[in-house]
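Per this note's numbering, the sequence shown runs over residues 659 to 910. All C-beta atoms, glycine included, are put in the ideal place defined by N, C-alpha and C. Just below is one structure, and these are the notes that go with it.
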Amino acid sequence: MKDPRRPSPETDAGRPAKRIQPEIEREAAEPHYKGHRTRLRERFLEVGEQPLPDYELLELVLFRSIPQRDVKPLAKALIARFGSFAEVMGARLERLMEVEGVGEATALDIKIVEASARRITRGAIRERPVLGSWKDVLDYCRTAMAFEDREHFRILFLDKRNCLIADEVQSSGTVDHTPVYPREVVRRALELSASALILVHNHPSGDPTPSSADIRMTNDLASIGKALGLALHDHIIVGRKGHASFRGLNLL
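The following block contains the structure:
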């Protein structure tokens, strides 16, 4: 017969004993992606962004937008859909939201990162002679336009010292065309008291090779500008596969 005065093996002085959880249960209580996030952040701090594949850099961006979920599958899905980290950043808001798991807040965060990158690269060409910082100009043009899915025509207006006065998108069009009116470009240059121009537009196809229409429009604009003392330094076409310079191709 059991002695009622003896404590049960499952009690301690009459109280239920603490249950010791197996190690595996403690690990299961902690989401696996938390350790991954810590390791990835530490690796970024140690080696920077350069060695990271696109999807891991995108994960770091998504950590801020989606704090309570494993974002690696989503990062990989975005890269698979758009092609690269840069193309994810450049995708339109509504296209980003077509990917399952991307809500409006997450898509907006991605566009904020893209806008920040544009602001940084544009800052590199302000208050400095543009022709003396040509790599910065090309970096800015690619960041601003290379991954757009529609054609945009942009103009960099320069003063007598070849410093940037204004950077304006003059027109936007379709996937393979945007209307450009040389006389309107020259009129705007005179309004800004610009002395020189750099034309920039993108080819959503990815191939930056100038078309016959590009060459014809550029020659028309150069002729009109020259008569008014307005220099056309270059026309740059950017795309995912690189860039083309009219000056470099001896087309100006």
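Residue i lies in the beta strand (DSSP E); which residues open and close that run?
i      : result
Asp892 : Ala889 to Gly897
Using only the alpha-carbon positions, how far apart do residue i and residue j sit?
i      : j      : result
Gly906 : Arg697 : 45 Å
Ala902 : Phe702 : 33 Å
Ala885 : Glu752 : 44 Å
Glu714 : Val771 : 15 Å
Val746 : Met803 : 13 Å
Gly864 : Lys692 : 38 Å
Pro787 : Gly887 : 19 Å
Glu704 : Ser851 : 48 Å
Ile882 : Arg841 : 7 Å
Gly790 : Ala782 : 12 Å
Ala733 : Pro725 : 14 Å
Thr876 : Arg776 : 26 Å
Gly900 : Ala871 : 20 Å
Leu710 : Ile873 : 40 Å
Arg684 : Glu762 : Confidence at Arg684 is low in this model, with a pLDDT of 48, below 50, so the placement of that residue should be treated as unreliable; the coordinate-derived value is given next. If you take the alpha carbons of Arg684 and Glu762, they lie about 35 Å apart.
Lys730 : Gln708 : 18 Å
Asp712 : His835 : 30 Å
Arg722 : Lys769 : 13 Å
Pro866 : Tyr839 : 21 Å
Ala880 : Asp892 : 10 Å
Ile682 : His694 : With a pLDDT of 46 at Ile682, under the threshold of 50, the modelled position of this residue cannot be trusted; read the value that follows with caution. Using only the alpha carbons, I get a separation of about 18 Å.
Ala628 : Val795 : Nothing about residue 628 can be reported from this structure: the residues present for the chain run from 659 to 910 only.
Kindly identify the DSSP beta-bridge partner or partners of residue i.
i      : result
Ile856 : Leu814 and Asp892
Under DSSP, the alpha helix (DSSP H) around residue i begins and ends at which residues?
i      : result
Gly900 : Taken as a continuous stretch (DSSP letters only), Gly900 belongs to no alpha helix (DSSP H), being part of the beta strand (DSSP E) at Gly900 to Ser903.
Asp646 : Within the shown structure, residues of the chain are numbered from 659 to 910, placing residue 646 beyond reach of any answer.
Ser723 : Asp712 to Ser723
Leu848 : Pro840 to Glu849
Pro731 : Lys730 to Phe740
Met747 : Phe743 to Gly748
Arg727 : Taken as a continuous stretch (DSSP letters only), Arg727 belongs to no alpha helix (DSSP H), as it is neither H nor E.
Leu754 : Leu751 to Leu754
Flag this pair as yes or no: are the beta carbons of residue i and residue j separated by less than 8 Å?
i      : j      : result
Leu720 : Thr779 : no
Phe811 : Ile823 : no
Arg699 : Phe805 : no
Leu766 : Val760 : no
Phe743 : Ala749 : no
Ala735 : Val757 : yes
Leu909 : Leu890 : no
Val896 : Cys821 : no
Val844 : Gln828 : no
Pro862 : Phe904 : no
Leu855 : Ile813 : yes
Glu911 : Gly831 : Here the chain comprises residues numbered 659 to 910, so residue 911 is not present and cannot be evaluated.
Ser853 : Asp825 : no
Give a single yes or no on whether residue i has its beta carbon closer than 7 Å to a heavy atom of the ligand MG.
i      : result
Gln828 : Absence of the ligand MG is noted for the structure shown, with no ligands found whatsoever.
(request) Could you tell me which uninterrupted alpha helix (DSSP H) segments, each at least 4 residues in length, are contained entirely in the region 762-833, listed from first to last along the chain? (result) Segments of the alpha helix (DSSP H) lying fully in the region 762-833: 762-781 and 792-803.
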